[in-house]
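In full-length UniProt numbering, the protein residues as written are 1 to 343.
This is the structure in structure tokens:
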């Protein structure tokens, strides 16, 4: 096993969950194989910054934790350690589709994943992560690649509809950034032209924008009538919580979050033909009551096929659910760059 250049560490466990580490000279990425292949660490070595948010939920093995409720929402949150989840085939609360009761945020983030090492040299490593849904007829292959002396992560995915009938679904990536990086000096840049809220009720009492409103990014009219520059991340004690949506990305879908204090940024670029929307979940210690009780400071800007975060049936109703023909396969590409200005 190499201890230089690009390298893969297998056969490790975190709280008795099978895990895997991919790293090079600049990045270290840790995956919980037994729990959705969640990325629970994305460390930028030159500055010792882990971008991933850690929730107040302590690491534990969900298989060894008895649930005290039958709610899929609460079961999901009981085992949400933060980090980066992939979500399929539904985003949001429990719903019923074709006789299948789909729980909170679907299946793949709660299932164990398999993996295959596709390339293992000091110059480049690639690992394919694989999962077959249990209640739904989908098979997902995700190949992640990093190269020597690069701070870029390449994602290549293939989703297969195994059913002998057409299927509808929601598919998204849920990378949540936390306090190791996030602060009030951070600002958001994106190719999205529009930001909007959806629904008849506020997602949070402390939400800054009114329901069912649409604005040109980044300036929006707040509930108090004042203009808000949404590109500026509030202080962690602002006492706000927002659920927003981005659309109209144009030719290229991307966003970046840059910290002036730390002089480092996180940039995500993706195929917006498959994922034409992004959700923004921004909490500045303003989400009170269960599950966060006013304790969290986090920002997730999430590429999605659909909206809102209210389950697959709602996305079907508004026409944004992804449709796959029987036995169809869909390819998707995405890229993460960690960067410093001037380098």
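All C-beta atoms in this analysis are idealised placements derived from N, C-alpha and C, irrespective of residue type, glycine included. Bear in mind that the values here come from a model prediction, so they are computed numbers and not experimental data.
Secondary structure of residue 160 (DSSP, three-state): strand.
When DSSP states are grouped into helix, strand and coil, residue 79 belongs to the coil group. If you compare the alpha carbons of 141, 238, 248 with that of residue 218, the shortest gap goes to 248. Listed as beta-bridge partners of residue 316 by DSSP are no residues whatsoever.
About 19 angstroms separates the beta carbons of residue 327 and residue 100, which is beyond the 8 angstroms limit, so they are not a contact pair.
Inside the segment 202-290, DSSP marks whole beta strand (DSSP E) runs of 3 or more residues at positions 214-216, 219-221, 227-229, 240-247, 253-259, 264-270, 277-284, from first to last along the chain.
Under DSSP, residue 84 takes part in a beta bridge, and its partners are 39, 175.
Separation of the CB atoms of residue 322 and residue 86 is rounded to 14 angstroms, and the pair is thereby denied contact status at 8 angstroms.
Following the DSSP letters along the chain, one finds residue 126 inside the beta strand (DSSP E) bounded by residues 124-132. Using a Cβ distance threshold of 8 angstroms, residue 24 and residue 153 do not count as a contacting pair. Look at residue 110 here: in three-state DSSP terms it is helix. With a cut-off of 8 angstroms on Cβ pairs, the segment 30-40 is in contact with the segment 115-131, counting three or more such pairs.
Taking a cut-off of 8 angstroms for Cβ pairs, the segment 180-188 and the segment 251-262 touch, as three or more such pairs fall below it.
The Cβ-Cβ distance between residue 308 and residue 222 does not fall below 8 angstroms. When 107, 334, 236 are compared, the shortest CA-CA separation from residue 299 is found for 236.
With a cut-off of 8 angstroms on Cβ pairs, the segment 119-128 is not in contact with the segment 274-290, counting fewer than three such pairs. The bridge partners DSSP lists for residue 307 come to none.
The three-state secondary structure of residue 45, taken from DSSP, is helix. Here the alpha carbons of residue 32 and residue 59 stand approximately 11 angstroms from one another.
Nearest C-alpha to residue 157 among 140, 75, 83: 140.
Residue 337 is a Cβ neighbour of residue 151, given a cutoff of 8 angstroms.
With respect to the C-alpha of residue 44, the residue from 57, 55, 56, 30 having the closest C-alpha is 30. In the structure shown, the three-state DSSP call for residue 72 is helix. Bridge partners of residue 31 according to DSSP: 20, 39. With contacts defined as CB atoms closer than 8 angstroms, residue 92 and residue 310 qualify as a contacting pair.
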